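These notes concern the structure reproduced below.
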Amino acid sequence: MRLVVTPKASRNRVEGVRREADGGAVLRVQVTAPPEDGKANAAVVKLLAKTWHLPKGAFSVRVGAAARRKVLFIEGDADDLARRIRKWVEDDHE
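In short: position in the sequence shown from 1, add 119, done, that's my numbering.
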């Protein structure tokens, strides 16, 4: 999953999915944690795990650990993950 993270935001929040200029989709996430020593990454994982009711251990940053643009890997059943994310998008964030 592609993310754009805003650290040091006023609150923790998953903004939603946005289309990029290249036609791809990214999930925009804001966290209050600073972008130092992995604090923002840990806050992103904690927020997404809570939002989608998944264990924090299911998430890992694969690309962009020190950048605002990241690629996050979510371990688990692909159909279940897709269902959870699709439900979240449809319920709250279209």
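Note that the Cβ used here is the ideal one computed from N, Cα and C, for glycine as well. In this text the structure is predicted, and so the values were computed from the model without any measurement.
Item	Value
Sheet register partners of residue 193 (DSSP bridge)	178
For residue 151 and residue 128, believed in contact at Cβ under 8 Å, the rounded distance	6 Å
The stretch 197-212 touching the stretch 171-179, judged by at least three CB pairs closer than 8 Å	yes
Spatial neighbours of residue 123 in its chain, beta-carbon cut-off 7 Å, leaving aside the 5 residues before and after	145, 147, 187 and 188
Straight-line gap, residue 193 to residue 133 (C-alpha atoms, nearest Å)	16 Å
For residue 137, the nearest candidate out of 121, 158, 197 and 162 (CA to CA)	121
Own chain residues within Cβ distance below 7 Å of residue 165, not counting five before or after	175
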